[in-house]
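Colleague: Can you keep this structure in mind? I'll have questions shortly.
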Amino acid sequence: MTPKLCAAKFLATSRLVHGHTEQLSVCRNASALIRNIDHSIRQNSPCPTTVSEMARPMNDDVLISIMDILVLESARSTAAAFMSLSRRLYHEGGKLLLSGNIDLRTSSDVSSFIAFCLAEDASRAACVRDLTFTINLLSPALASSLAEVIPRFIGIKKLVLTRADFLLRGHDALSRAFASLTSLEDLTLIKGSASAEFLTTLQSNLRNLTLFEIMIPRGLTGAQSTAELSTLNITYLWMDILVLEPYINTFPRLSRLTVTNGALRDLNSKRPRYAAFSCGLGGPQDLQNLRCINQAAQVDGGWEALEELDTDLATSWILGLSCKVVRLVLNIWRDASHLLAYRYSS
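Listed below in structure tokens is the structure:
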């Protein structure tokens with residue numbers, strides 16, 4: 022049933038959400054929704070004439086739709102204010118607020134997030150889908166509290182750890198809690214020597230993995246989390262020696278590979294533009310030897326084919342791939358602000 026309301030009713034309701042009308046006005050889709058509702062009602066119904074009629078709350082279904090739009094538009098504080106209007110909105114709002122990406126940057130963020138997840142008998146924790154940790158340090162007490170709630174994230178699909186060592190190496194219980202997750206499909210690990218070890222204990226079957234300045238050691242094979250991985254994105258340091266064998270063994274079913282040279286990624290770097298040719302290996306002969314090592318690793322077993330390889334020209338040569346590549350994307354910097362991507366399909 023279409024709720025009969027007009028702009029005056031919406032303004033009356035907005036007073037109950039602690040003065041967030043201004044935030045609603047900058048939310049493009051929410052404003053469009055309200056205008057459409059208001060226009061349709063003006064065609065059929067008069068505006069309210071009594072105070073009691075003006076203060077009548079909007080239909081919960083309409084408010085839930087608006088909350089959903091606000092979450093999509095990253096206006097979470099406004100959406101959260103709606104939760105005080107009714108018991109149903111309190112329940113549904115909790116689920117909506119946890120359905121999108123959540124970026125935890127400070128200890129205060131983490132503390133508030135834990136408390137929010139544990140509300141309603143901790144039922145909200147199952148609604149977490151996409152979680153990013155950009156925080157650098159956690160106190161032992163806060164890490165312990167976080168470790169207790171993480172196993173409740175039974176529906177989480179995507180996890181980003183931007184300073185992985187701070188979370189994985191410094192707090193054993195927290196590392197075990199992350200490793201216990203079984204529903205993860207997309208994992209990003211940024212900077213951390215403990216990250217590769219974490220992959221051996223992770224219980225999820227990953228589909229997408231991004232490693233930023235993390236090299237896979239030779240001994241990392243047979244991990245459950247990487248056996249079915251289809252997409253791998255690597256950003257390696259300019260001084261790293263990119264040996265292919267550990268990646269072939271660790272990710273046997275890979276179909277899409279992106280390899281980015283860290284020096285090329287950093288536009289402000291003072292290192293040579295093609296740092297792979299001057300990374301301390303000694304010169305062209307060492308690079309040729311590295312290419313030969315990578316080619317030899319594929320003689321007795323390698324990927325049968327890659328659907329896509331996305332990298333720069335120098336790195337593609339060093340990798341020395343012998344398998345079929347259906348689609349090749351070569352990234353070449355024309356200058357500091359223009360990246361040319363050449364695409365080839367077989």
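For what it's worth, the numbering used here labels the leading residue of the sequence shown as 22, then goes sequentially.
Note that CB positions come from ideal geometry on N, CA and C, so glycine has one too.
Does the contact criterion of 3 or more C-beta pairs under 8 Å hold for the stretch 161-170 versus the stretch 200-213?
Modeller: Segments in contact, no.
Colleague: Could you check what DSSP says for Leu208 in three-state terms: helix, strand or coil?
Modeller: Leu208 falls in the strand class under three-state DSSP.
Colleague: Would DSSP call Val131 helix, strand or coil?
Modeller: Of the three classes helix, strand and coil, the one that applies to Val131 here is helix, per DSSP.
Colleague: Going by DSSP, what residue range makes up the beta strand (DSSP E) through Glu328?
Modeller: Ala326 to Asp333 is the extent of the beta strand (DSSP E) around Glu328.
Colleague: DSSP beta-bridge partners for Thr256?
Modeller: According to DSSP, Thr256 bridges with Phe233 and Thr281.
Colleague: Which of helix, strand or coil does DSSP assign to Thr336?
Modeller: Here Thr336 sits in helix by DSSP.
Colleague: Cβ atoms of Ile171 and Arg150: under 9 Å apart, would you say?
Modeller: No. Outside cutoff.
Colleague: For Phe233 and Leu258, I'd like the C-alpha separation in whole angstroms.
Modeller: So the alpha carbons of these two residues sit roughly 9 Å apart.
Colleague: In the DSSP assignment, find the unbroken alpha helix (DSSP H) run with Asn270 in it and report its ends.
Modeller: From DSSP, the alpha helix (DSSP H) with Asn270 extends over Glu266 to Thr271.
Colleague: Mapping DSSP to helix, strand and coil, what is Asp142?
Modeller: In this structure, Asp142 counts as coil in the three-state DSSP scheme.
Colleague: From the DSSP output, read off the bridge partner residues of Asn21.
Modeller: Lying before the first or after the last residue shown, residue 21 is absent from the chain, which here runs from 22 to 367.
Colleague: Give me the Cα-Cα distance between Thr279 and Leu253, rounded to the nearest whole angstrom.
Modeller: Distance between the alpha carbons of Thr279 and Leu253: 6 Å.
Colleague: Is the stretch 135-142 close to the stretch 188-205, with three or more CB pairs under 8 Å?
Modeller: No: the two stretches stay apart, fewer than three of their Cβ pairs being nearer than 8 Å.
Colleague: Starting from Leu167, trace the alpha helix (DSSP H) in both directions and tell me its first and last residue.
Modeller: From DSSP, the alpha helix (DSSP H) with Leu167 extends over Pro161 to Val170.
Colleague: Within the same chain, show all residues whose beta-carbon is closer than 7 Å to that of Trp338, passing over the 5 residues directly before and after it, in chain order.
Modeller: Arg312, listed in sequence order.
Colleague: Do you know whose CA, among Gly121, Thr221, Leu188 and Thr127, lies nearest Ser165's CA?
Modeller: Residue Leu188 is the option with its Cα nearest to Ser165.
Colleague: Which class does Val320 belong to by DSSP, given the choice of helix, strand or coil?
Modeller: It is coil, neither helix nor strand.
Colleague: Are the beta-carbon atoms of Leu223 and Ser251 separated by less than 9 Å?
Modeller: Cβ distance not < 9 Å, so Leu223 and Ser251 don't count as in contact.
Colleague: Between which two residues does the beta strand (DSSP E) containing Leu342 stretch?
Modeller: Per DSSP, Leu342 belongs to no beta strand (DSSP E) and is neither H nor E.
Colleague: Since Glu218 and Ser276 should fall inside the 8 Å C-beta cutoff, what is the C-beta to C-beta distance between them, to a whole number of angstroms?
Modeller: Rounded, the Cβ-Cβ distance is 25 Å, inconsistent with contact.
Colleague: What are the boundary residues of the alpha helix (DSSP H) that includes Leu182?
Modeller: Segment Lys179 to Leu182 is the beta strand (DSSP E) holding Leu182; no alpha helix (DSSP H) there.
Colleague: According to DSSP, simplified to helix, strand and coil, what is Ser98?
Modeller: If DSSP states are grouped into helix, strand and coil, Ser98 belongs with the helices.
Colleague: Apply the 10 Å Cβ neighbour rule to Asn315 and answer buried if 16 or more other Cβ atoms are within range, or exposed otherwise.
Modeller: It counts as buried.
Colleague: Can you grab the Cα-Cα spacing for the pair Leu202 / Phe174, in whole Å?
Modeller: Between Leu202 and Phe174, the C-alpha separation is close to 7 Å.
Colleague: Short check: CB of Leu265 to CB of Gly322, under 9 Å?
Modeller: Going by C-beta atoms, Leu265 is not nearer than 9 Å to Gly322.
Colleague: Report the residue from Leu205, Trp324 and Thr256 whose alpha carbon sits nearest the alpha carbon of Lys345.
Modeller: Measuring from the Cα of Lys345, the nearest candidate turns out to be Trp324.
Colleague: May I ask you to report which of helix, strand or coil DSSP gives Arg197?
Modeller: The answer is helix: DSSP assigns Arg197 an H, G or I state.
Colleague: With H, G and I counted as helix, E and B as strand and the rest as coil, what does DSSP make of Ser299?
Modeller: Because the pLDDT at Ser299 is just 40, under 50, the model does not fix this residue reliably, and the point stays unresolved.
Colleague: Can you tell me whether Leu223 is helix, strand or coil according to DSSP?
Modeller: Looking at Leu223 - three-state DSSP - the assignment turns out to be coil, as it is neither helix nor strand.
Colleague: Taking DSSP as the reference, what is the three-state secondary structure of Ala244?
Modeller: DSSP places Ala244 in coil when its eight states are reduced to three.
Colleague: Use the C-beta contact count for Asn282: other C-beta atoms within 10 angstroms, 16 or more gives buried, fewer gives exposed.
Modeller: Buried.
Colleague: Please classify Asn352 as buried or exposed, where buried requires at least 16 other C-beta atoms within 10 Å of its C-beta.
Modeller: By the 10 Å Cβ count, Asn352 comes out buried.
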